[in-house]
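Engineer: Numbering that gives the first Met the number 0 puts the sequence shown at residues 0 to 314.
For glycine and all other residues, C-beta sits at the position ideal for the given N, C-alpha and C.
I'd like to ask you about the structure that follows.
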Amino acid sequence: MENTPTQLSERDSTVLSIMLLVGVIGLLGLTLDKYGGSRVEVVIKEPVATPSPFAEIELEASAAYVFDVNKEEALFSKNSETQLPLASLTKIMTALVAYESAPVDSVIAIEKESIDIEGDSGLSEGDNWLLSDLLGFTLLVSSNDGAHAVASAVESIPSDFEDEAEEETSFIDRMNSRASELGLVQTYFINETGLDPNLSISGGYGSARDTVELFRRAISIAPELLEDTAYSEVEYSNGGEEMLVAENTNEAVNSIPGLIASKTGFTDLAGGNLVIAFDSGLNHPIIITVLGSSIDGRFSDVNKLVSASIKAVGR
């Protein structure tokens with residue numbers, strides 16, 4: 000008779016299953032005792048959004064624009080496309096057109112007509128200035144007589160802005176042609192100083208975004224043109240024996256780290272305007288414009304935007 004495998008009864012199978020289950024539970028109990036009965040949970044946290052450094056900023060300015068030059072993108076914008084009076088920010092274009100139209104070592108004679116323009120910046124009739132010095136001086140102290148002297152002298156010099164059908168193009172036409180070439184769609188000029196011709200018309204108009212682009216292009220084309228505006232004061236020769244000490248109209252010049260260039264503007268119609276370029280660190284330039292602030296508010300507005308820009312770039 001052959002030996003056959005022993006078959007487990009249904010009862011024996013059930014008993015064996017219960018014993019195995021008890022063993023597993025016992026083993027699990029030992030494991031829990033070893034680790035203090037604790038249970039490990041994996042919790043996935045949602046990323047917390049970091050608020051923008053510009054989120055809580057309050058400005059007096061009607062419009063503002065902050066531009067990251069390296070990334071070619073806006074960091075902050077407030078009514079940046081709105082056309083507003085430029086006041087003496089107009090002189091940035093005055094200086095750029097003059098720089099592109101005449102040799103910088105040209106000698107500019109200061110005439111009475113220029114001295115009679117509103118404002119006294121220290122120029123005297125009969126002074127003889129190098130164009131390069133007069134441009135630096137005009138931008139630093141926002142000299143109206145300097146801007147007029149530059150425009151009057153350069154206007155007589157033929158330039159690439161002139162139409163072949165015309166014998167002569169006015170300096171203001173050259174300024175407006177250059178604005179068009181640079182794509183400044185909200186910008187046009189009535190005079191070279193930015194002074195208000197009357198109570199309802201400004202000497203120049205533009206947007207905060209246009210002003211940033213004009214400043215960026217001016218620095219790119221002629222960095223030496225605006226380099227004096229990074230200092231609180233500069234000495235110039237007016238052709239005589241004495242040096243003329245000129246003070247920057249930008250009162251925030253010493254509070255802005257890495258300042259590259261700046262230009263102020265103020266008239267009754269425009270209010271307080273200011274455009275600056277500064278290095279936020281490791282050759283990372285930022286350009287900021289505020290338009291339609293107050294005479295003092297423009298400086299505090301820009302300082303707020305400078306601080307926020309440094310935080311934004313460093314994130």
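#1: Less than 9 Å separating the beta-carbons of residue 273 and residue 237?
#2: Between residue 178 and chain E, is the shortest Cβ-Cβ distance under 9 Å, so that the two count as touching?
#3: Starting from residue 366, trace the beta strand (DSSP E) both ways and give me its first and last residue.
#4: Using only CA atoms, which one of 253, 277, 294 and 258 lies nearest to residue 271?
#5: Measure from the alpha carbon of residue 132 to the alpha carbon of each residue in 149, 118 and 116, then state which is nearest.
#6: With DSSP as the reference, identify every bridge partner of residue 188, one or two as the case may be.
#7: Can you check whether the CB of residue 140 is closer than 9 Å to the CB of residue 282?
#8: In three-state terms, what does DSSP make of residue 48?
#9: So, under 8 Å CB-CB, residue 109 and residue 122 are touching, yes? Tell me the CB distance rounded to an integer number of Å.
#10: Taking a contact to mean a Cβ-Cβ separation below 9 Å, would you say residue 206 touches residue 62 in this structure?
#11: Assign residue 263 to one of two classes, buried (16 or more other C-beta atoms within 10 Å of its C-beta) or exposed (fewer than that).
#12: For residue 107, which three-state DSSP category applies?
#13: Could you tell me which residues DSSP pairs with residue 242 in its beta bridges?
#14: Buried or exposed: which applies to residue 310, given that a residue is buried once 16 or more other Cβ atoms fall within 10 Å of its Cβ?
#15: For the beta strand (DSSP E) holding residue 273, just list the boundary residues, first then last.
#16: If I'm right that residue 74 touches residue 231 with Cβ under 8 Å, what's the distance once you round it to whole angstroms?
#17: Considering only residues of the same chain and omitting the five flanking positions on each side of residue 114, which have a CB-CB separation below 6 Å?
#18: In three-state DSSP terms, what is residue 99?
Structural biologist: Looking at the atomic coordinates:
#1: No, the Cβ-Cβ distance between residue 273 and residue 237 is not below 9 Å.
#2: Absent here is chain E; the protein component of the structure consists of one chain.
#3: Absent from the model: residue 366. The displayed extent of the chain is 0 to 314, so no value can be given.
#4: 294
#5: 149
#6: Its beta-bridge partners are 203.
#7: no
#8: Taken through DSSP and simplified to helix, strand or coil, residue 48 comes out as coil.
#9: 5 Å
#10: yes
#11: buried
#12: strand
#13: 236
#14: exposed
#15: Counting along the chain, residue 273 sits inside the beta strand (DSSP E) bounded by residues 270–278.
#16: Going by Cβ atoms, the distance from residue 74 to residue 231 rounds to 27 Å, so no, they are not a contact pair.
#17: 124 and 144
#18: helix
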